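This report concerns only the one structure given below.
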Amino acid sequence: MLVDPSVLFNNTTTTTQPVLVFATRFNSITMITSLLVYLVCTSLLYLLLKFRNRAIGTTKRAKSTFYEIPGWPLLGELPSMIINRSRNLEYGTIKALKHGVGFSLTIPGTRIIDVSKPEWLEYIQKTNFDNYVKGPLFRNIMSDVFGDGIFVSDGPSWKRARQATSTIFTINTFKTIIGPASERSMDGMAELLKSAAEDNRSMDFCDLFFRFTLDSFVQMTFGEDLGEEKKGSPSRFFQGSIPFPVAFDHAQDQLDFRFSMIVGWQLVEKWVGSIGKRLQASCRVLDDCAYSLIDERMDQLNRNVNDRETVCTDLLSLFMNALDERGGSLGRTELRDAALNLIIAGRDTTAEALSWTFFHLLMNEDIISRIRREASEIFGEGDSNEHRVTYENYKRFTWANAAVFEALRLHPSVPRNTKTAVADDQIPAGPTIQAGDL
Numbered sequence: 000m001l002v003d004p005s006v007l008f009n010n011t012t013t014t015t016q017p018v019l020v021f022a023t024r025f026n027s028i029t030m031i032t033s034l035l036v037y038l039v040c041t042s043l044l045y046l047l048l049k050f051r052n053r054a055i056g057t058t059k060r061a062k063s064t065f066y067e068i069p070g071w072p073l074l075g076e077l078p079s080m081i082i083n084r085s086r087n088l089e090y091g092t093i094k095a096l097k098h099g100v101g102f103s104l105t106i107p108g109t110r111i112i113d114v115s116k117p118e119w120l121e122y123i124q125k126t127n128f129d130n131y132v133k134g135p136l137f138r139n140i141m142s143d144v145f146g147d148g149i150f151v152s153d154g155p156s157w158k159r160a161r162q163a164t165s166t167i168f169t170i171n172t173f174k175t176i177i178g179p180a181s182e183r184s185m186d187g188m189a190e191l192l193k194s195a196a197e198d199n200r201s202m203d204f205c206d207l208f209f210r211f212t213l214d215s216f217v218q219m220t221f222g223e224d225l226g227e228e229k230k231g232s233p234s235r236f237f238q239g240s241i242p243f244p245v246a247f248d249h250a251q252d253q254l255d256f257r258f259s260m261i262v263g264w265q266l267v268e269k270w271v272g273s274i275g276k277r278l279q280a281s282c283r284v285l286d287d288c289a290y291s292l293i294d295e296r297m298d299q300l301n302r303n304v305n306d307r308e309t310v311c312t313d314l315l316s317l318f319m320n321a322l323d324e325r326g327g328s329l330g331r332t333e334l335r336d337a338a339l340n341l342i343i344a345g346r347d348t349t350a351e352a353l354s355w356t357f358f359h360l361l362m363n364e365d366i367i368s369r370i371r372r373e374a375s376e377i378f379g380e381g382d383s384n385e386h387r388v389t390y391e392n393y394k395r396f397t398w399a400n401a402a403v404f405e406a407l408r409l410h411p412s413v414p415r416n417t418k419t420a421v422a423d424d425q426i427p428a429g430p431t432i433q434a435g436d437l
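The numbering of the sequence shown is numbering that gives the first Met the number 0, which starts it at 0 and goes up by one.
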C-alpha cells in the first residue's frame, strides 16, 4: 500500500508539537529555577562569609583595643540577647567583667557599644550631648504607649518638654500635690498591710510597691483616683484589677519584650496577632482615661482663666499652665504624652527603690531598730496618726535616708540606658563611635 508522505509528515507534526512546546517550557522553568537557586545559594554563601562573626548590616571595625564580641553569622549576638532577655542586666554585667568596659556586639543593622565608665557617660550626656539621641530605634519601641513625650523625643521637642516639666517641680508642688497624694496612698497601703498581718497572709512587697507608686503618681498627675473607691477607703489599686493599672502594666510588659529583642519584634507582634491586639487595647484604655481627665481639666482651666492657681491641684494642670505661659499649644495629644511620661518617670523608679530598700532592711534587723528608734525620737509621744514625714522634717531621718541611698547605690533604679550616635565620634580614651551605633 502506498502512503502519501505529505499526509504522514503533517500528522506527525500535529501530534508532536504540543509535546515539544511542553518540553521547551519545562526546560525554561527548570533553568530559571536552577538559576534562582544558584543566585540564592551564592548570595547566602557570600553573606555568610562576609558576616561570619557579626550581624548583617553592620560594618567591620578597624582593629581596636576594645574587645568585639564575635556573634552568630548574620545574627550576631541577637540569639543570646533573646535567650537572656529576662536577665539582660546580668548578661551585660557578665560581658563587661569578662571582656572589660568598652566591648561591643552586633545585632542586625546595629552595633551596640558598652560605655560603662563615669567619664565616658559624662562625655556622652554632657560634653557632646547633641551627638547622642534616643533615635528612631528607641522611638519605634516606645511611641505606641508614650507618644512624643520627654522619654521618647529628641531635639527641640525634648528641650521644650524638659523646660516645662522642670518648672512644675517646686517646694510648693511638693507640699500641695506630691505630699498629700503620697500620704493618701500610704494610708491605703498601711491598711492593707495591717489587714494582711491580722489574717496572717503573706504579701508580695514588690507588687505592693508598684501598686502604691502607680496609685500615688496617678493622683499626683491627674488629681483623680482611677480606682473610684469610696472616700476614706483604701485605694482599689491595692484590692483588685481595674482597667488603668492593668493596661499600664501590660503596656510596659510589651515594651520590655520589644527592648529585649531590639529588632524583629514587629514580626513577632504581626505573626502572633493576639500580642499586637492586646497592646492596642491597652493603649486605648490609657488614652480613654487620660483624654477624659485632660478634657475635664482643660474645661476647668478655661472657665477659670483669671484664677487658674485655684484650679491647679495636680501636675497635669501645672504642666498645662507652663506650656500656656510659653505660648505653646494645649493640644490633647501633647498633654496625654506628658501625663503618661510623668507617671512612668516616678512609678517604676520609686517602686524599685522601695523594693530593694526593704529587701536589705529585712535582712538587717539592727538597721530597722535604728530607724524605729530615730523615728520615735523625732516624733516623740502622741497620736501615731499625726506622725507624718514632711518636707520640713524628712532630712532629720538620717538612718532611713541612708538606707534608701545605699539601696540605690547597690541597685540603681535605671541601671542602663541607650543612646544613638548622630555622627562619628571618638570618646576621649574610649571607643570609636560611628553614626548609628547604639
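Heads up, the beta-carbon is just placed ideally off N, CA and C, and yes, glycines get one too.
Treat the numbers as computed from the prediction; the structure is a model and nothing was measured.
Determine the burial state of residue i: buried for a count of at least 16 other Cβ atoms within 10 Å of its Cβ, exposed for fewer.
i      : result
ALA195 : exposed
ILE106 : buried
LYS229 : Here the model assigns LYS229 a pLDDT of 42, short of 50, so the residue's position is not dependable, and the following value carries that caveat. Burial call: exposed.
PRO170 : It should be noted that the sequence gives Ile, not Pro, for residue 170. Per the 10 Å Cβ criterion, exposed.
ARG283 : exposed
VAL151 : buried
ASP479 : There is simply no residue 479 to check, as the chain begins at 0 and stops at 437 in what is shown.
ALA61  : exposed
PHE21  : The predicted position of PHE21 is uncertain, since its pLDDT is 49 and thus under 50; a value taken from the coordinates is nonetheless stated next. Classification for PHE21: exposed.
ASP147 : buried
SER103 : buried
LYS158 : exposed
GLY231 : In this predicted model, GLY231 has a pLDDT of only 45, less than 50, meaning its place in the structure is not dependable; the value taken from the coordinates is given anyway. GLY231 is exposed by the Cβ-count criterion.
GLU333 : buried
THR12  : Low confidence applies here, because THR12 scores a pLDDT of 48, under 50, leaving its location unreliable; read the following figure in that light. With fewer than 16 Cβ atoms within 10 Å of its Cβ, THR12 is classed as exposed.
VAL262 : buried
GLN162 : exposed
VAL144 : buried
LYS418 : buried
GLY429 : buried
ASP436 : buried
GLY101 : buried
ILE149 : buried
LEU292 : buried
What span of residues does the beta strand (DSSP E) with residue i cover, start to end?
i      : result
ARG110 : 109-112
ILE106 : 103-106
Tell me the residue span of the alpha helix (DSSP H) that contains residue i.
i      : result
ASP186 : 178-197
HIS359 : 331-360
VAL217 : 204-221
SER142 : 134-145
HIS410 : Where HIS410 is concerned, there is no enclosing alpha helix (DSSP H), given that its DSSP letter is neither H nor E.
LEU74  : First-last for LEU74: undefined, no H or E at that position.
HIS249 : 242-260
ILE377 : 364-378
ASP294 : 272-302
LYS161 : A small fix is needed here, since residue 161 is Arg in this sequence, not Lys. Its alpha helix (DSSP H) spans residues 154-167.
TYR498 : Absent from the structure is residue 498, since the part of the chain shown begins at 0 and ends at 437.
GLU118 : 117-121
In terms of alpha-carbon separation, which member of the options lies closest to residue i?
i      : options                        : result
ALA250 : SER259, GLY272, GLN279         : GLN279
SER375 : ILE366, ASP365, HIS386         : HIS386
ILE68  : ASN52, GLU121, LEU254          : ASN52
ARG372 : ILE111, TYR393, ALA399, PHE50  : ALA399
LYS94  : PRO78, TYR66, LEU73            : TYR66
PHE404 : ALA352, GLY275, ILE432, LEU317 : ALA352
PRO242 : MET219, PHE256, LEU213         : LEU213
PHE173 : ASP365, VAL388, ASP113         : VAL388
PHE209 : PRO427, SER412, GLY435         : SER412
ILE366 : LEU254, ASN301, PHE247, ALA402 : ALA402
LEU77  : PHE128, ARG110, ASN363         : ARG110
ASP206 : GLY330, ILE112, ASP198, LEU192 : LEU192
PHE247 : LYS59, LYS394, MET141          : MET141
GLN218 : GLU197, ILE342, SER33          : ILE342
PRO179 : ILE167, MET319, GLY222, ASP287 : GLY222
Since residue i and residue j should fall inside the 8 Å C-beta cutoff, what is the C-beta to C-beta distance between them, to a whole number of angstroms?
i      : j      : result
GLY56  : GLY108 : 4 Å
THR356 : ALA406 : 4 Å
GLY345 : PHE216 : 5 Å
TYR122 : ILE426 : 6 Å
TYR290 : ARG257 : Not really, about 24 Å apart at Cβ, beyond 8 Å.
THR431 : SER115 : About 17 Å; that fails the 8 Å criterion.
GLN433 : THR58  : 7 Å
Taking 8 Å as the CB-CB limit, is residue i close to chain E?
i     : result
VAL39 : Here there is only one protein chain, and chain E is not present.
Contact between the stretch 25-45 and the stretch 83-91 (3+ Cβ pairs under 8 Å): no
The stretch 327-343 in contact with the stretch 186-203 per 3-pair CB rule at 8 Å: no
Inter-stretch contact at 8 Å, needing at least 3 Cβ pairs: the stretch 132-149 / the stretch 311-319: no
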